[in-house]
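Going by the numbering used here, 735 is the number at position 59 of the sequence shown; the sequence numbering is gapless. Worksheet for the structure shown next.
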Amino acid sequence: MSSQWAKETVLTRLAPNAAGLLVFDENCNVLEASGVGKDRLEDIITINRSELDSDGFGSLEGPNLNLAVYKRDGHTVVIYSRRNN
């Protein structure tokens, strides 16, 4: 069993509609990217500037994607899901 398969399986269980993942640190260094997250590195600046709630959660919408954002301890996790048009 590959670690990539394990990561994708866990992500699929946590977010069944996930199309990708992006994780970066407080300096905008990419720590992890998969699925559409690999092609969306330019989103980091916008996401990093986004306002989150007091618990570190937020969401953004793009033309084809929804983004669920969580920030904690200097790390930001973004889960991309396809919009139902």
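Glycine included, every Cβ here is placed at the ideal spot set by N, Cα and C. Note that the structure is a prediction, hence the values are computed from the model and not measured.
Using the Cα positions of residue i and residue j, report the straight-line distance between them to the nearest angstrom.
i: Asn760; j: Glu708; result: 26 Å
i: Val712; j: Tyr746; result: 17 Å
i: Val754; j: Ala744; result: 6 Å
i: Arg758; j: Ile720; result: 18 Å
i: Met677; j: Arg748; result: Confidence at Met677 is low in this model, with a pLDDT of 41, below 50, so its placement is unreliable and no value can be given for it.
i: Asp729; j: Ser735; result: 10 Å
i: Thr685; j: Tyr756; result: Confidence at Thr685 is low in this model, with a pLDDT of 49, below 50, so its placement is unreliable and the value that follows should be read with caution. Cα to Cα, Thr685 sits roughly 15 Å from Tyr756.
i: Phe733; j: Glu718; result: 20 Å
Among the options, which has the Cα closest to the Cα of residue i?
i: Leu698; options: Asn742, Thr722 and Arg716; result: Arg716
i: Ser710; options: Pro739, Ala695 and Ile723; result: Ala695
i: Asn724; options: Asn693, Phe700 and Asp731; result: Phe700
If we cut at 7 Å on Cβ distances, does residue i have a partner in chain C?
i: Pro692; result: Absent from the structure: chain C. Only one protein chain is present.
I'd like the span of the beta strand (DSSP E) that includes residue i, first residue to last.
i: Arg759; result: Premise fails: Arg759 is in no beta strand (DSSP E) and is neither H nor E.
i: Asp719; result: Unbroken run through Asp719 is the alpha helix (DSSP H), Asp719 to Arg725; no beta strand (DSSP E).
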